[in-house]
Every structure is written in structure tokens, then in C-alpha cells.
Amino acid sequence: VSRVIPVETFDLVIFGGTGDLARRKILPGLFRRFRSGQMPEGSRIIGAARSDLDQAGYRQMIADAVAEFGGEEKKDSKGLDAFIETLDYVAIDAKGDGGWAKLAEIVRKDVVQAFYFSVAPSLFGDLAERLHTNNIANEQSRIVVEKPFGRDLETARALNETLATHFDESQIYRIDHYLGKETVQNLMAVRFGNMLFEPLWNNHYVDHIQVTVAETVGVGGRGAYYDKSGAMRDMVQNHLMQLLCLIAMEPPSQFGADEVRDEKLKVIRALQPVEPHHIVRGQYDAGPNGPSYREDAENARSFTESFIAMKCEIANWRWAGVPFYLRTGKRMKARSSEITVVFKDLGHSIFEGDEARHRNILSIRLQPNEGMDLQVTIKEPGPGGMRLIDVPLDMTFADALGPDAEEVPDAYERLIMDVIRGNQTLFMRGDEVEAAWRWTDPLINGWEARNDVPKLYDAGSAGPEDALAMMHRDGRRWREIK
Ligand code: BG6
Numbered sequence: 002v003s004r005v006i007p008v009e010t011f012d013l014v015i016f017g018g019t020g021d022l023a024r025r026k027i028l029p030g031l032f033r034r035f036r037s038g039q040m041p042e043g044s045r046i047i048g049a050a051r052s053d054l055d056q057a058g059y060r061q062m063i064a065d066a067v068a069e070f071g072g073e074e075k076k077d078s079k080g081l082d083a084f085i086e087t088l089d090y091v092a093i094d095a096k097g098d099g100g101w102a103k104l105a106e107i108v109r110k111d112v113v114q115a116f117y118f119s120v121a122p123s124l125f126g127d128l129a130e131r132l133h134t135n136n137i138a139n140e141q142s143r144i145v146v147e148k149p150f151g152r153d154l155e156t157a158r159a160l161n162e163t164l165a166t167h168f169d170e171s172q173i174y175r176i177d178h179y180l181g182k183e184t185v186q187n188l189m190a191v192r193f194g195n196m197l198f199e200p201l202w203n204n205h206y207v208d209h210i211q212v213t214v215a216e217t218v219g220v221g222g223r224g225a226y227y228d229k230s231g232a233m234r235d236m237v238q239n240h241l242m243q244l245l246c247l248i249a250m251e252p253p254s255q256f257g258a259d260e261v262r263d264e265k266l267k268v269i270r271a272l273q274p275v276e277p278h279h280i281v282r283g284q285y286d287a288g289p290n291g292p293s294y295r296e297d298a299e300n301a302r303s304f305t306e307s308f309i310a311m312k313c314e315i316a317n318w319r320w321a322g323v324p325f326y327l328r329t330g331k332r333m334k335a336r337s338s339e340i341t342v343v344f345k346d347l348g349h350s351i352f353e354g355d356e357a358r359h360r361n362i363l364s365i366r367l368q369p370n371e372g373m374d375l376q377v378t379i380k381e382p383g384p385g386g387m388r389l390i391d392v393p394l395d396m397t398f399a400d401a402l403g404p405d406a407e408e409v410p411d412a413y414e415r416l417i418m419d420v421i422r423g424n425q426t427l428f429m430r431g432d433e434v435e436a437a438w439r440w441t442d443p444l445i446n447g448w449e450a451r452n453d454v455p456k457l458y459d460a461g462s463a464g465p466e467d468a469l470a471m472m473h474r475d476g477r478r479w480r481e482i483k
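The numbering of the sequence shown is the UniProt record's numbering, which starts it at 2 and goes up by one.
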């Protein structure tokens, strides 16, 4: 029995409907939702972009995109034929009048309306305004906006103000696709759905927490964007901070949009400024399997970081004294994202001759092989007396749930369906985004003022030595990236 949650009939307009994100993620994702039966009969997806295409041309473009970027589902050619029937296209001029009258004619007023701004943020204001002057949007319409949501506090504020001129906060869905990932939501289920963890989830029992998001890809192909952004703006200010919030927040009174976001906001506000020696910026150098960052970014003098590691502190009752180590980088040795909670040492061992440190370590793997493992200490089997060893209690969700488990929707498709359902829980509120920039701005300004030069690391490695050293100084070590 499928457990997809039904949504109402909708018209989804994708501005930037011919763009990379639309072709790679949004439309293949929507096709999967269509196949799962979640997209109700009569719903429509309307691509809107500059290209001079017609409906047939757009349908063909999306059929090609699904063939190129889709997964298993692309084999279902009958399904694909039915799906592309739901597509329409309007050539539109975001800064002029072209196409708006036609869009107004197409978009229905009596169904859920969502407008996905998959365009440069500089166009948000134009789109928002024209949706109103052309009488297309109303108080029920929803808009979806992509990152980057600004490049600092000032620009993020300006964007929030622009959007607020035309839409209420309850209509604005700021996407952070990490929140749509299955295991990220599972983090909340693990914390708040079990008796076992929450009582230990504080500075009495936790030694430190690590968050690693390691990627193997480089920045080739998107250097122009990335070089102006770097790992801090591209990954930390949004994805890693969201993970940190979900790990550290107090239990919300219920799983509602504002309850969850209020708690996340409190975490961001309690984050302390980070000392310069607790930040390591890195940049990948050429390696056996690829060129250097500077070549990829086509900027021979770039000081942008493609890696960052930092030690953060949350000044509140629960977490005071517990470091949160964050690390993310491109072109690292493996694609691996995980959250690790390292519990404190036992204060005393009753077992003679047991000098080893035994620690419980809970690690939650976001990707690949979503799952959890918990390191526990047991007696080494056999006749050797009371000798202790540490073993993992390993649970890979795919194995645990078996082949009949429901197909896990990709982050984007899940989030888009949440938009249609009107559920903002997994989207960032304006004040959260601003608070995140308020914390990162001084760090970025700090290293710019110091003319900080990122440390080189070999492509395919675990990042610069300094990041390892930062941990060693604290008598700790990073989890191996594998
Ligand atoms: C994006 C960043 O937001 O997230 C990319 O802009 C990064 O640089 C990507 O590669 C990582 O997402 P995922 O889902 O592949 O972990």
C-alpha cells in the first residue's frame, strides 16, 4: 500500500524552467511524484523562461532531461508520455512585459498556485512584482526560492524585504535541500522518538559532536559562481548550520513549522563567534585525478576556500563546553556525510587491566548508505578473561527496512510536495537566514581583513593537515572519511 500523502490539484510555474536545476532535479523529481500517484489529475507544470520555445519544444526538452538525469523511472516511457502532457511553457521576460499576459491566462485561480523562482536572486523582485501587477498571484499563492539567499546579512535582508513587499512570510518557501533529505529528517525522529538518546543529549554526557559533509566533485563548470562564494557561503551558512540546528535544538512542543523554526533560531543565536585559530580554510591542489581548484575556477589568484573546518560553540545551558566541529570540502577522498556524537569517557572502569578509553559513538550517515551506527563496548568473546572491545551496532536503513520499503523521494521532490501541501516545517524562515548570516559575516570579514590564504590540500585527500592538527590540539580526532 502506498503511503504517499495526497496533495491538492496544483499549477506549478517554474521560472528558470529551462535551467540546470529544473532539468537535473526539479522535473525528474516531479516525474517520480507523478509516477507514485502523488501528483493529482489535472495538475500542471508550467515552465517559464527566456528561451523562445513552445509547448511541444518544452515537452521535448524535459523528456530529454529525464532521459539524461532521471533514475530508474526513465525506463517507464508510457509514464513519461503521460507526465509530459502536464507540461506547458511560456516564454517570459522577467524585466519586461513579454509573456505575462499569456501566463495570466494559463495559471488557474481555483487550484493551489506555486511559483518556483529558480533564477538569479537579482530577478526575485521583478518576478514578485509582475506576478502581482499582472494579477496572477493572490494571498494563497506560494513562492519557492533557491539559495544563495543573499551573500551576507545586508543582501539577505534586502531580499527578504523585496519578497515581503508582495508576499506574506507564510507564502514564502526558502529551500535548503538538506532539510529534504531522508536522514536529516530522521535525525529528528531519532532524537525525539526514542527514550534512549535525548536524556544523554547534553553537556553532561556528550564530549563533542562532528559534522562532516565531504564531496568528491570539484567546482569545474560552476567556478564563476563558486569562486565568489566559497565553502562557507555555499555549504556552511545553509546546509551545515541547518544540520547543527537539528542536532542541537531543544525539543519543539510539536512538529509544526514555527515550533521547529523557533527552536532552530535559538541555536543560531546562541552560536559564539569563532576564533581565527578555530577556522581552517583549504583549497584543493592538483592531484592524480584532476586539476587544481584554481584551474577549475579559472582564477589563478583565487583565495577562495573549497574546504573549511571549524570549531563552534553554542552558549546555552545544554551545550556549554561541548565543541561542535564542522567540516566540508570539495574533491575529498570520498563522498560521505555524517553526524557523529561522541559521548564522554566512563569516569571509572571496574575491569582490572582495562586501560583503554571506551566511548560510545553514535554516527548518523546522511549519504551514501543512509543509516546509523552506535559504537558500544562489550566483552571480547572467548576465554581471555574480562577484556573489553568496542564494536559497532550497525544499521543501514536499506537493509533494516528490506526491499519492500517505500521508495525514498529525493530531497527536491519531497520539498516541492510540501510546498503544495502548504507545510513550511522543512523550509527556512526569513529570520533564520538572517541570523545565520549574522553569525557568518564577521567570520568571513575577519579572514578577508587578515588576507587569509587557504591551505592547500591534495585533491582526493581528507583536507589540509591543519584541520587534523586543530582536532589533535584538543586531544580528539576526526572520523575517517570513507
Ligand atoms: C549545493 C551546493 O547546495 O549542495 C553544492 O551549492 C553542493 O556546491 C551541493 O555540491 C551538495 O548537495 P548534495 O545533495 O549532493 O549533498
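Virtual Cβ for every residue (Gly too), placed ideally from N, Cα, C.
Values in this document were obtained by computation on a predicted structure and should not be read as measured data.
Counting C-beta atoms within 10 angstroms of its own C-beta, residue 265 has 16 or more neighbours from the protein chains shown and is therefore classed as buried.
Per DSSP, the continuous beta strand (DSSP E) segment holding residue 456 begins and ends at 456-459. In this model, residue 19 and residue 211 are separated by some 38 Å (Cα to Cα). Here the alpha carbons of residue 428 and residue 418 stand approximately 12 Å from one another. The ligand BG6 has no heavy atom closer than 6 Å to the beta-carbon of residue 459. Residue 346 is classed as exposed because its beta carbon has fewer than 16 other beta carbons within 10 Å across all chains shown. Under the criterion of beta carbons closer than 8 Å, residue 459 and residue 286 qualify as touching, at roughly 6 Å.
Take the alpha-carbon of residue 477 and the one of residue 56: they are about 58 Å apart. Not one heavy atom of the ligand BG6 sits closer than 6 Å to the Cβ of residue 21.
Distance from the CA atom of residue 68 to the CA atom of residue 219, rounded to whole angstroms, is 24 Å.
The straight-line gap separating the alpha-carbon atoms of residue 85 and residue 30 is approximately 13 Å. Contact fails between the segment 271-278 and the segment 172-189, because fewer than three Cβ pairs, one in each stretch, are under 8 Å apart. Every alpha helix (DSSP H) of 4 residues or more that sits fully in the segment 294-334 is shown, in chain order, as 294-297.
With a threshold of 16 other beta carbon atoms within 10 Å, residue 293 meets it and is buried. Shown here, residue 81 sits in a helix according to DSSP, grouped into three states. DSSP places residue 255 in the coil class of the three-state scheme, outside both helix and strand. From the listed residues 426, 328, 392, 151, the smallest Cα separation to residue 480 is found for 328. Distance from the CA atom of residue 81 to the CA atom of residue 414, rounded to whole angstroms, is 16 Å. With contacts defined by Cβ atoms closer than 7 Å, residue 63 and residue 88 form a contacting pair.
DSSP places residue 144 outside any alpha helix (DSSP H); the residue lies instead in the beta strand (DSSP E), whose first and last residues are 143-146.
Counting C-beta atoms within 10 angstroms of its own C-beta, residue 226 has fewer than 16 neighbours from the protein chains shown and is therefore classed as exposed. Short note on residue 235: C-beta closer than 6 Å to some heavy atom of the ligand BG6.
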